[in-house]
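Peer 1:
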Amino acid sequence: MSTITSTALATQVYQVFIKATPEAVWDAITRPEFTARYYHGARITITRDHYDSRGPQGEVWGEDSVLEFDPPRRLVHAWRSLYDPEMADEEASRVTWEIEPRESGYCLLTVVHDRLDQSPKTAASVSGTGWMMVLSGLKTLVETGEPLVDFAATS
Amino acid sequence: MISPMTEDDDRVFKALADPTRRHLLDRLFERDGRTLTELESELEMSRFGVMKHLRVLEDAGLVATRRSGREKLHYLNPVPIRLIHDRWIDKYTERRVSALAELKSRLEETA
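From first to last, the protein sequence lines are chains R and U.
Letter by letter, the first sequence follows residues 84 to 238 of the working numbering.
Letter by letter, the second sequence follows residues -18 to 92 of the working numbering.
(1) Leaving out the 5 sequence neighbours to the left and right, which residues in its chain are closer than 7 Å to alanine 103(R) when beta-carbon positions are compared?
(2) So threonine 128(R) packs on aspartate 67(U), CB below 8 Å; how close in whole Å?
(3) Within the region 194 to 235 of chain R, note down every full alpha helix (DSSP H) run reaching 4 residues or more, in order along the chain.
(4) Taking only the alpha-carbon atoms, compute the straight-line gap between histidine 133(R) and glutamate 151(R) and give it to the nearest angstrom.
(5) Nearest to alanine 175(R) by CA position, among Leu199(R), Thr212(R) and Gln95(R), is which residue?
(6) For a cutoff of 8 Å on Cβ pairs, would you count leucine 221(R) as touching chain U?
(7) Within 8 Å (strictly less), CB to CB, does lysine 85(U) reach chain R?
(8) Do tyrosine 97(R) and tryptophan 214(R) count as a contact pair if the criterion is CB distance below 8 Å?
(9) Give the residues of chain A in contact with threonine 94(R), contact being defined as C-beta atoms less than 7 Å apart.
(10) When the distance is taken between beta carbons, is valine 37(U) closer than 8 Å to alanine -4(U)?
(11) Taking the alpha-carbon positions, what's the leucine 218(R) to glutamate 19(U) distance?
(12) With a CB to CB cut of under 7 Å and the five nearest residues on each side skipped, what residues in its chain are close to valine 143(R)?
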């Protein structure tokens, strides 16, 4: 069995189907009481003009500008990895969330993390299990009301 | 495009059951965001054949596509594999954890 090494890319695309309304998915992305349960314990608040992410002790994990805010369909914000000193020094990248309603009460959630050209450490960190964990956790929380990992119990 | 139907898992397993399709996923894992022409150049297969395989991967949700100008770029989307992992592998982990918890309480009872 050979091991393949990946070049973490300047543009990464992730998709997941979620059986929920676009509004429920939007809330799960933008409100801290939801993100704390699937997003590595981060309390994330996203409003029309600000992206704010806090760790369990209130430490700043992310503070960025919101570039597009169109509930419950499209959200674009800047991304700096303030939770890690080395990655925090890298250039800001960009995250786009798209929520498309589909048949049978499903939404297709697409996350595009791009403009990572000048941020190789961040690119490597969010690829692999990074976004994958966040999106599978988000799906599980929205569909079942239960988190995949109990961050409150582990932190 | 990913189908939201319950046969999602079937599609993922069927898509992964073919060596050419796994090869395409490996190529995207090495370098993501490729065009059909780029992927085709690495396989001894007709453009139509590669298109057909990519279509199966897209239907299973394992490949996501984005337009960039006139080009259609293909991205590896690992989320469906993660979901299968969550659903199946985590069950074993849970069982092991609960078996250990049970052992602990039994030992403590008899102590």
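Built from N, CA and C at the ideal position, the CB exists for glycine as well.
Source: prediction; values computed, not measured.
Peer 2: The answer reads as follows:
(1) In the first sequence, the residue the question calls residue 103(R) occupies position 20. Within the same chain, alanine 103(R) has close Cβ partners Cys190, Val225 and Glu226.
(2) Residue mapping note: residue 128(R) aligns to position 45 of the first sequence, counting from 1. Residue mapping note: residue 67(U) aligns to position 86 of the second sequence, counting from 1. No, threonine 128(R) and aspartate 67(U) are not in contact; Cβ-Cβ is about 27 Å, not under 8 Å.
(3) 203 to 209 and 212 to 227
(4) Mapped onto the first sequence, residue 133(R) falls at position 50. Mapped onto the first sequence, residue 151(R) falls at position 68. So the two alpha carbons sit approximately 10 Å from each other.
(5) Position 92 of the first sequence holds residue 175(R). Of the candidates Leu199(R), Thr212(R) and Gln95(R), the one whose C-alpha sits nearest the C-alpha of alanine 175(R) is Leu199(R).
(6) For the purposes of this step, residue 221(R) is taken as residue 138 along the first sequence, with counting starting at 1. Judged by the 8 Å Cβ criterion, leucine 221(R) is not in contact with chain U.
(7) Mapped onto the second sequence, residue 85(U) falls at position 104. Chain R, which has no Cβ nearer than 8 Å to the Cβ of lysine 85(U), makes this no.
(8) The count along the first sequence starts at 1 and reaches residue 214(R) at position 131. The count along the first sequence starts at 1 and reaches residue 97(R) at position 14. Cβ distance < 8 Å, so tryptophan 214(R) and tyrosine 97(R) count as in contact.
(9) In the displayed structure, chain A is absent; the protein chains listed are R and U.
(10) Working through the second sequence from its first residue, we reach residue -4(U) at position 15. Working through the second sequence from its first residue, we reach residue 37(U) at position 56. Contact flag set, yes.
(11) Position 135 of the first sequence holds residue 218(R). Position 38 of the second sequence holds residue 19(U). Spanning the two alpha carbons is a distance of roughly 29 Å.
(12) As a position in the first sequence, residue 143(R) is number 60, starting the count at 1. Once the five neighbours on either side are set aside, the close Cβ partners of valine 143(R) are Arg137 and Leu165.
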